[in-house]
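Worksheet: the structure to be examined is printed underneath.
In this note's numbering, the protein residues as written are 7 to 756.
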């Protein structure tokens with residue numbers, strides 16, 4: 007039973023509708039000519055306006071335009087917005103003009119595109135790793151997907167022609183690349199190129215597109231998963247999750263059982279072993295160890311919104327033909343918690359990282375200055391909230407998610423209206439509009455958190471409803487004006503981290519709850535200026551200041567109906583996390599074994615010790631780059647020659663047989679020391695550190711468990727706002743150790 011197309015669903019109120027409308031305003035604030043500038047430049051045409059700044063001029067030039075095409079197409083299909091329809095048509099026409107002028111079939115905003123693809127055609131596929139271009143295939147995937155969406159959702163023949171010429175260009179170029187080099191190219195972030203070519207096959211029926219989808223499928227990634235082996239620790243999450251979406255899409259078309267199993271196991275292991283209560287996963291964009299969620303609790307860079315956007319896509323692919331109760335519960339969890347919380351309800355700003363650290367906060371994008379990856383996926387997410395609400399086949403209509411909306415089923419002559427205040431309460435009412443009496447089955451999903459099974463009323467009278475695969479079903483002859491009503495039971499519960507550590511999240515029905523902290527001014531939470539960070543870089547609150555919750559405690563409503571949780575500080579007010587904005591928040595609470603004073607004191611002492619260890623270095627850190635991690639390296643201008651990266655026990659590293667370099671910034675000129683950290687190396691491989699081209703000798707060093715470190719003096723400078731270039735240079739014929747990070751530190755005790 008497939009999902010009802012988004013064009014047949016209209017949101018009429020509630021949080022999903024509000025998110026859609028905020029997204030619509032954000033999309034209207036973007037200027038197509040500025041988004042198009044990189045494409046015209048690469049085609050040899052004069053741009054009509056200057057390109058946007060931020061990621062749009064840092065090697066990922068043009069990626070936002072692809073997201074814009076998808077989001078506008080979704081918005082046009084779901085709302086009929088004529089302003090966005092006109093802008094969509096204009097953007098597609100300009101892309102066609104750029105493609106025609108270039109004359110090769112290629113169109114894209116990747117910097118120095120002609121040079122790049124000439125190298126790739128010659129078999130130099132490592133060109134896709136080089137600095138200055140960031141992740142070309144990730145970039146180009148957004149364009150493929152946007153053009154495909156414009157073709158399938160709005161019927162744009164121009165978009166169809168452009169994407170098919172682009173696909174032919176690549177298929178002809180790729181014919182000269184052997185499989186070994188092609189697979190090497192897939193080691194970098196490629197977005198969902200395998201899914202895009204499956205979608206092209208669906209659009210055209212051309213088997214060449216299905217063959218290319220298979221080439222874009224990483225065997226190094228799929229083979230362990232097909233054996234149900236989770237080897238994801240240390241990997242960049244949003245490089246892999248779009249690939250998993252492609253696994254599911256391709257397997258559904260070519261019947262590859264191993265690939266289907268890989269996609270399903272990826273979903274299962276991420277959701278059950280790597281996901282926190284809001285439905286998100288990863289820290290600093292990477293999968294950490296499944297048995298240690300410490301980074302999730304301590305880091306300011308928690309789950310990335312792109313991951314959750316793509317997990318919803320994966321869940322929809324895996325349940326494309328029939329509802330799966332566990333997948334439906336997960337889609338609801340992700341949508342009504344992580345994704346809704348990641349958009350500001352007023353100005354529509356979008357969130358990159360959602361920190362799970364107690365009493366931290368989030369930063370929101372602005373349409374003039376912020377062009378992060380999570381802005382692009384966010385624009386799409388909030389334009390497609392109607393796509394998973396309903397399913398239909400020959401004689402069955404199924405309500406899958408709960409939101410005020412109207413769905414039209416022409417085959418039955420049915421207009422079904424849903425009324426609800428969900429997720430604030432669980433009361434749901436349905437009204438059927440029919441031209442005449444019609445017999446069919448009406449199914450309603452019962453979420454896993456709703457216990458006991460609700461009673462169903464038709465026209466105010468109770469009826470017997472069969473329970474099948476997590477759904478209540480009523481099969482009868484329906485008439486115009488018939489009503490169906492039921493109430494999903496909501497209650498409080500606690501949900502620990504998957505590793506079983508002493509931290510918990512609190513839920514009421516479908517909603518993750520949070521404790522509100524200090525309100526924050528707009529200039530702290532809004533990236534409203536050029537080059538504003540996408541990370542909440544403000545002070546970290548000590549973990550020991552968080553309220554401690556007894557293990558047996560669950561949320562409850564007090565006599566006034568307000569949500570509370572008992573803690574060592576007495577009852578604490580709670581509210582749904584998705585509606586908490588412009589403030590610090592606590593969404594994960596430390597747990598004590600019991601409520602007695604000794605247990606609380608022991609837990610508090612452990613938190614104080616964790617704070618003490620972290621403060622010794624983190625409190626002195628001016629800037630830091632995590633080596634081997636894609637986004638931190640990109641943010642710090644990484645360049646490397648003869649460089650390699652990997653992970654050990656969830657710790658990412660990078661080494662070089664020649665040299666690698668990064669830029670760190672000390673805007674207030676407080677840095678006095680540079681610390682280089684690496685994995686313990688019994689062979690004792692050495693390196694030289696250069697600061698702004700000058701070799702510097704270490705002044706101190708040591709070892710902490712499996713990590714070694716050395717500190718180098720940093721001479722103060724007033725040049726360029728403290729922007730410094732640091733290079734690790736290998737010794738002759740020897741590779742550097744596996745370095746994990748560089749930090750600029752203040753003087754000890756400063």
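Where a beta carbon is used, it is the ideal one built from N, C-alpha and C, also for glycine.
For clarity, every value in this text was computed on a predicted model and none was experimentally measured.
- In the three-state DSSP reduction, residue 146 falls in the helix class (H, G or I).
- Among the bridge pairs identified by DSSP, residue 112 is matched with none.
- DSSP lists 596 as the bridge partner or partners of residue 509.
- In the assembly as shown, residue 688 is an exposed residue. Its beta-carbon has fewer than 16 other beta-carbons within 10 Å.
- Here residue 562 is not near residue 299, since their CB atoms are 8 Å or more apart.
- Residue 84 sits in a helix when the DSSP states are folded into three classes.
- If you check the CB distance, residue 155 and residue 75 come in under 8 Å.
- Judged by pairs of C-beta atoms under 8 Å, the region 170-188 does not touch the region 288-299, as fewer than three such pairs exist.
- Taking every protein chain shown into account, the CB of residue 554 has 16 or more other CB atoms within 10 angstroms, so this residue is buried.
- A direct Cα-to-Cα measurement between residue 145 and residue 470 gives close to 53 Å.
- Taken in chain order, the whole beta strand (DSSP E) runs of length 3 or more contained in the region 430-458 are 433-440 and 444-451.
- Beta-carbon to beta-carbon, residue 380 and residue 356 are separated by about 6 Å, close enough to satisfy the 8 Å threshold.
- In the DSSP assignment, residue 226 falls within the unbroken alpha helix (DSSP H) covering 225-232.
- Under the three-state reduction of DSSP, residue 553 is assigned to coil, being neither helix nor strand.
- Counting C-beta atoms within 10 angstroms of its own C-beta, residue 411 has 16 or more neighbours from the protein chains shown and is therefore classed as buried.
- In this structure, the straight-line span from the alpha carbon of residue 547 to that of residue 360 is close to 15 Å.
- Put simply, of 186, 171 and 703 the residue whose alpha carbon is nearest the alpha carbon of residue 226 is 186.
- The C-alpha of residue 538 lies about 24 Å from the C-alpha of residue 25.
- When rounded, the separation of the alpha-carbon atoms in residue 709 and residue 715 is 6 Å.
- The beta carbon of residue 560 lies closer than 6 Å to those of 498, 499 and 500 in the same chain, with the five residues before and after it left out.
- With respect to the 8 Å criterion, residue 305 and residue 592 are not classified as neighbours on the basis of their beta carbons.
- The Cβ atoms of residue 303 and residue 221 lie no closer than 8 Å to each other.
- No Cβ-Cβ contact shorter than 8 Å links residue 670 with residue 595.
- Here residue 162 carries a coil assignment [DSSP, helix/strand/coil].
- In this chain, the beta strand (DSSP E) harbouring residue 477 covers 477-484.
- Taking a C-beta distance under 8 Å as the contact criterion, residue 628 and residue 698 do not qualify as a contact pair.
- It is roughly 36 Å from the alpha-carbon of residue 231 to the alpha-carbon of residue 350.
- Per the Cβ contact rule, the region 675-682 is in contact with the region 739-752 (3 or more Cβ pairs under 8 Å).
- If only uninterrupted beta strand (DSSP E) runs of at least 3 residues are considered, those enclosed by the region 389-430 are 396-398, 402-405, 411-415 and 420-426.
- The criterion of a C-beta distance shorter than 8 Å is not satisfied by residue 324 and residue 260.
- Inclusion of residue 157 and residue 113 in the CB contact set at 8 Å is not warranted, their separation being larger than that value.
- The beta carbons of residue 287 and residue 313 sit about 6 Å from each other, so the pair counts as a contact at 8 Å.
- Of all C-beta pairs linking the region 468-486 to the region 516-524, fewer than three are shorter than 8 Å, placing the two stretches out of contact.
- Counting only the Cα atoms, residue 266 lies some 19 Å from residue 337.
- In the three-state reduction of the DSSP assignment, residue 374 falls in the coil class, being assigned neither a helical nor a strand state.
- Counting the other CB atoms within 10 Å of its CB gives residue 340 a total of 16 or more, which places it among the buried residues.
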